[in-house]
Amino acid sequence: MDVQETTAVCKDAFAELASPACIQNPYPFMRWLREHDPVHRSASGLFLLSRHADIYWALKATGDEFRGPAPGELARYFPRAATSLSLNLLASTLAMKEPPTHTRLRRLISRDFTMRQIDNLRPSIARIVAARLDGMAPALERGEAVDLHREFALALPMLVFAELFGMPQEDIFELSAVISTILEGLSPHASDLQLAAADAASARVQAYFGDLILRKRTDPHQDIVSTLVSAHSDDSDTLSDAELISMLWGMLLGGFATTAATVDHAVLAMLAYPEQRHWLQGDATGVEAFVEEVLRYEAPAMFSSIPRIAQRDIELRGVVIPKGADVRVLMAAGNRDPDAFADPDRFDPARFHGTRPGMSNDGQIMLSFGHGIHFCLGAQLARVQLAESLPQIQARFPTLALAEQPTREPSAFLRTFRALPVRLHAHGAAEVHVVVDQDLCGTTGQCVLTLPGAFRQRESDGVAEVSVATVPQALHAAVRLAASQCPVAAIRVIESDAGNDHRNISDSAPSPEEAARHETKDLRNPGGHDGTI
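FYI, the numbering for the sequence shown is 351 to 883, going by our numbering.
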């Protein structure tokens, strides 16, 4: 539809989201929905909410105003469920359950799938990231284009899941090949042929996980599957094999493609908004802010895939949602709602700096992981993968650029990619300048500032004598590493292409958010750091 025609009527938002125009850029249509049809009834009878306040309310009200389909209702909402393995597996996942069954299953899973255990995976994730970047480096350094989607964004969550589940890497690569087939078959508008292909793929995944559980029961290791099948012998309530298989199937589907898509979008944000890369060169809170803004700006899943059934007639913005209606929420539209996020089409990590995960500075909730009792169980795992990846990519390949326009998958549900070709600027084409913020620095000991030939020695009070220098090419890698590791973000690296006008040093003046951090530096960093790299 022409979003300029504000008097037009959209008969089916789901079909419109699958159009070629929306695959490339769905946000003009989402804006139209928010403004003209925020409680949309599609041709199939599903209702779709697009305003942030309504989405937040609906997610929070699940279990009260809304519920998942009861087992006896499955055929009503999934007419092909009687013969579909994939739809039956979907119906048995945690996301489809309601209290008290949901409460029981969430407790059994959450006792082992904790934030602490995910954080304990950080060294392994960092190692996986470094190894994948090592693998990409030779081709990039030869000036070749590399498909970052295939070589990194897809591979990272695969290898992390292999680590988490205790699976051989070759097994996870084989299983990952069928995930997109299953996801397409679970789309509300999937054909019978697509659903049949999804069922065959799901049978393969189901059989593998059944065998994995048997192996972990007899030969447990330090992984989540071993813990779930072997621990808690003192607890009379345990997960059955069928429940555990459903949980693993759901985690693989829910966390693999979405994490890969978010990695792709994060790299695209780095390339499109180089002025925001400084968030990845400082402390962990800056990296976290960048990650949260990526998740808000480009939600990997456009809308909720799980039915939420109205428990009564609900009047919302002048529209009556009848009892028993299937209601979905368009998270991507809510994340771009100007009533929730000021200037929502601007990429601005500052809106999430210094807050708890998922909450903006003015208290608004980022919706990409959902909310309420069905908040995504793998949210922390996805965040850690992004937080460990982006600074390493920035430090290792600071001149990364698109080799050609990325190719998107033609999916209305997942905003993901088929290919994301990247390259490096020509060898020697980039000149590196370094700006040292002396107000933030104030350190003692050695760091990049004392590298010979680049900076003068420090004064006796430990503050650098010079604040700007052009760095010899041999020292580029050391400077980038130091900038990425400086705990107070005092070092900023500025790249410019040979043959182009160099950026003025005045362009590197601190943003208002950075200026505010300068004012509180002594409170946050009273003793300084030793600058070790």
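Don't be surprised by glycine CBs; every beta carbon is placed ideally from N, CA and C. Since the structure is predicted, the reported quantities are computational estimates derived from the model, not experimental observations.
Residue i in three-state terms, based on DSSP
i       : result
His-499 : helix
Ala-393 : coil
Phe-428 : coil
Val-359 : coil
Thr-757 : strand
Phe-697 : coil
Arg-853 : Because the pLDDT at Arg-853 is just 38, under 50, the model does not fix this residue reliably, and the value given afterwards should be weighed accordingly. Here Arg-853 sits in coil by DSSP.
Thr-433 : helix
Phe-691 : coil
Leu-490 : helix
Thr-612 : helix
Arg-477 : helix
Leu-398 : strand
Cys-726 : coil
His-721 : coil
Leu-598 : helix
Tyr-377 : helix
Leu-589 : coil
Asn-923 : With the chain covering only 351 through 883, there is no way to say anything about residue 923.
Ala-368 : coil
Pro-388 : coil
Gly-704 : coil
Tyr-337 : Because the chain here runs from 351 to 883, residue 337 falls outside it and cannot be looked at.
Leu-603 : helix
Gln-631 : coil
Ser-739 : helix
Ser-442 : coil
Leu-506 : helix
Ser-541 : coil
Paired residues, beta bridge with residue i - DSSP
i       : result
Arg-454 : Answer by DSSP bridge pairing: none, since Arg-454 is not bridged.
Arg-773 : Ala-751
Leu-764 : Ala-651
Ile-715 : Met-709
Phe-416 : Thr-412, Ala-660
Residue i to residue j span [Cα, whole Å]
i       : j       : result
Pro-518 : Leu-717 : 34 Å
Ala-476 : Gln-742 : 9 Å
Gln-374 : Ser-530 : 19 Å
Cys-360 : Tyr-377 : 15 Å
Phe-691 : Val-772 : 31 Å
Phe-511 : Ala-368 : 29 Å
Arg-466 : Leu-731 : 11 Å
Ser-745 : Ser-739 : In the sequence on display, residue 745 carries Ala and not Ser. Spanning the two alpha carbons is a distance of roughly 10 Å.
Asp-681 : Pro-760 : Asp is not the amino acid found at residue 681; the sequence shown has Met there. Near 19 Å, if we compare the C-alpha coordinates of Pro-760 and Met-681.
Lys-410 : Arg-765 : 24 Å
Glu-385 : Arg-401 : 9 Å
Thr-749 : Leu-471 : 29 Å
Glu-494 : Leu-514 : 33 Å
Pro-886 : Asp-542 : Examination of residue 886 is not possible in this model, given that the chain is present from 351 through 883 alone.
Gln-735 : Asp-362 : 36 Å
Ala-527 : Ile-563 : 21 Å
Asp-387 : Gly-560 : 45 Å
Ala-751 : Pro-488 : 16 Å
Phe-364 : Ile-656 : 14 Å
Asp-687 : Ser-460 : 32 Å
Ala-683 : Ala-403 : 11 Å
Pro-707 : Phe-379 : 28 Å
Glu-491 : Leu-770 : 17 Å
Arg-391 : Lys-566 : 47 Å
Arg-454 : Phe-719 : 21 Å
Phe-747 : Ala-634 : 20 Å
Pro-429 : Leu-603 : 22 Å
Glu-643 : Leu-525 : 31 Å
Asp-676 : Ala-729 : 25 Å
Pro-570 : Gly-516 : 9 Å
Ile-671 : Gln-755 : 41 Å
His-721 : Arg-417 : 14 Å
Ile-659 : Gly-605 : 24 Å
Trp-407 : Ala-737 : 29 Å
Glu-625 : Arg-554 : 46 Å
Task: Runs of beta strand (DSSP E) wholly within the stretch 636–688 (minimum 3 residues, chain order) - done: Every unbroken stretch of the beta strand (DSSP E) spanning 3 or more residues and falling wholly within the stretch 636–688 is given here in chain order: 658–660, 664–666, 669–671, 676–679.
Open item on the list: With three or more C-beta pairs closer than 8 Å as the rule, is the stretch 636–649 touching the stretch 694–709?
Closed with: Three or more beta-carbon pairs separated by less than 8 Å link the stretch 694–709 to the stretch 636–649, which places the two stretches in contact.
TODO: Jot down the residue ranges of each uninterrupted alpha helix (DSSP H) in the stretch 545–587, minimum 4 residues, whole runs only, in chain order.
DONE: List check, alpha helix (DSSP H) in window: 574–580.
- [ ] Would you check if there are 3 or more beta carbon pairs closer than 8 Å linking the stretch 473–492 to the stretch 592–599?
- [x] For the pair of segments examined, the stretch 473–492 was found not to touch the stretch 592–599: the number of CB pairs separated by less than 8 Å stays below three.
TODO: Report yes or no: do the stretch 598–616 and the stretch 492–505 share at least 3 C-beta pairs separated by less than 8 Å?
DONE: The stretch 598–616 makes contact with the stretch 492–505: 3 or more CB pairs, one atom from each, lie closer than 8 Å.
Open item on the list: Quick check on the DSSP output: what are the complete alpha helix (DSSP H) runs of length 4 or more inside the stretch 510–539, in order along the chain?
Closed with: Correct list: 519–526, 529–535.
TODO: Taking 8 Å as the threshold, find out whether the stretch 662–682 comes into contact with the stretch 389–398 through three or more Cβ pairs.
DONE: Contact between the stretch 662–682 and the stretch 389–398 is present, because at least three Cβ pairs lie under 8 Å.
- [ ] Would you be able to state if there are at least three C-beta pairs under 8 Å between the stretch 431–442 and the stretch 533–544?
- [x] Short answer: they touch.
Open item on the list: Would the stretch 644–656 count as touching the stretch 613–624 if we require 3 or more Cβ pairs under 8 Å?
Closed with: Yes: the two stretches touch, three or more of their Cβ pairs being nearer than 8 Å.
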